[in-house]
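Participant: The structure under discussion is supplied below as structure tokens; questions concerning it will follow.
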Amino acid sequence: MKVLIMTPIYPIPDRPANGTFVRTQVESLRQAGVEVEVFHLSGPFRKWNYPKAVLQLRRCLRNNSIDLIHAHISFAGMVARTQGKVPVVVTFHGSDLLGLINARGKKGWLSPLVVGAGRMLARHVDASIVQNGKMAALLDNQPNVFIISCEVDLKTFQPTERSQARAALGLDQDKKYLLFAANPQIAVKQFPLAQAVAHELKRRDAATELLVVYQEPQDRLALYMSACDALVFTSYQEGSPNIIKQAMACNLPIVSTDVGDVREVIAHTKGCYVCDADVESLLRRLESILVARERTDGRAKVQHLTGPLVARNLIRVYQQVLEKRACPIKGPSQHRVLIPGERTR
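The opening residue of the sequence shown carries number 311 in the working numbering; numbering runs sequentially from there.
Right, dumping it as structure tokens:
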């Protein structure tokens, strides 16, 4: 089986953290025996980039024998769907199906168009992959929709002794560090809320400091997760945030707003909390973590998200799509991929 992965998010030298979960997925598929080509749709989505991408795809398909296209993000899916010969699977990651959030935490005029385009795309591809049940529900319970979260690289994201990690990063051994692991300029991440919480904590305890870390190589991000006392996650909305699963793999305590599948991922993990999106709620949980200064047992809770297991589920989807193309079945297929640790819908 030869699969073309189309994605606008992929690590490049000046943006090493961009789409690392796609690269990890590519590596896992290759290790599982799938032949994979990567088509990186570089540059921002602009109307003049669309025809260019379509032409590049046609050239790619002429020069390669591709069995299936797996597109990440709806823009890549739209490009992939301009041809009908090769079956298309699309992974929706969040805002491409949930809508766009502005700096006020609201969905602007463009958001319904994005959601509508995503839903229409899902009706015209062979299969859709989403990150959580809410996203699946937005696709009207179509039988070719599968919930498959991105994997966690457990080799990179593993616990390191706190003092050792701090020494490697040049951090103070006596401070209490809060980690905000996202670009503060991205409105949906709601950085001002994290900043307000950290400011109040620092007012109460001068040893507290907020570290803003993004666009770091994955091995350094893992060190920060071992060095810090807690992850502060304040997003307005998410699909299945990888940073939460990576923090779990490093046994880092987490305080998060109730977005995406975070509640399910951290369920019953001591030292990990889902809170209302207000300063007081986040503050209360973070204070308890900073007093205890204990690690969690989160790593044990994300073992079902290893590369081989996620790759196996993806391959099942690919096989179902290819079989259906080869032998069309009258009426909708009721086959589902069962994800370890997830409830069936």
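Just so you know, even glycine gets a beta-carbon here, dropped at the ideal spot from N, CA and C.
Once DSSP output is grouped into helix, strand and coil, what is the label at residue 566?
Facilitator: In this structure, residue 566 counts as strand in the three-state DSSP scheme.
Participant: So, at 6 Å on beta carbons, what are the nonlocal neighbours of residue 543 in its own chain, with the 5 sequence-adjacent residues on each side left out?
Facilitator: 566
Participant: To the nearest angstrom, how far is it from the Cα of residue 324 to the Cα of residue 497?
Facilitator: 22 Å
Participant: Give every residue of the same chain whose Cβ lies closer than 6 Å to the Cβ of residue 491, excluding the five residues on either side of it in the sequence, and list them in chain order.
Facilitator: 523, 553
Participant: Suppose the cutoff is 8 Å on Cβ atoms and the five residues either side in sequence are ignored; what does the same chain contact list for residue 399 look like?
Facilitator: Excluding residues within five positions, the ones whose Cβ falls inside 8 Å are 378, 379, 380, 381, 435, 436, 437, 438, 439, 627, 628, 631.
Participant: Answer with buried or exposed for residue 329, where buried requires no fewer than 16 other C-beta atoms within 10 angstroms of its C-beta.
Facilitator: Flag for residue 329 reads buried.
Participant: What's the gap between the Cα of residue 572 and the Cα of residue 551?
Facilitator: 7 Å
Participant: Touching or not, the segment 397-412 and the segment 578-585, by the rule of three or more beta carbon pairs under 8 Å?
Facilitator: Verdict: no, contact absent.
Participant: Please identify the residue among 474, 612, 345 whose C-alpha is closest to the C-alpha of residue 314.
Facilitator: 345
Participant: Counting Cβ pairs, one atom from each stretch, are 3 or more of them under 8 Å apart for the segment 452-469 and the segment 531-541?
Facilitator: Using a C-beta cut-off of 8 Å, the segment 452-469 makes contact with the segment 531-541, since at least three inter-stretch Cβ pairs fall below that distance.
Participant: Check whether the segment 498-511 and the segment 590-607 are in contact - that is, three or more C-beta pairs closer than 8 Å.
Facilitator: yes
Participant: Only counting the same chain, and skipping five residues up and downstream in sequence, which positions put a Cβ closer than 6 Å to that of residue 376?
Facilitator: Answer for residue 376: 312, 314, 396, listed in chain order.
Participant: Going by DSSP, what residues sit across from residue 522 in a beta bridge?
Facilitator: 490
Participant: DSSP puts residue 543 in a beta bridge; with which residues?
Facilitator: 566
Participant: Quick test of the definition: if touching needs 3 or more C-beta pairs under 8 Å, does the segment 387-396 touch the segment 365-372?
Facilitator: yes
Participant: Keeping to the same chain, check which residues put their C-beta closer than 8 Å to that of residue 347; ignore five residues upstream and five downstream.
Facilitator: 312, 313, 314, 315, 370, 374, 376
Participant: DSSP state of residue 360, grouped into three classes?
Facilitator: helix
Participant: Could you check the C-alpha separation between residue 518 and residue 473 for me, to the nearest Å?
Facilitator: 16 Å
Participant: Starting from residue 385, trace the alpha helix (DSSP H) in both directions and tell me its first and last residue.
Facilitator: 384-390
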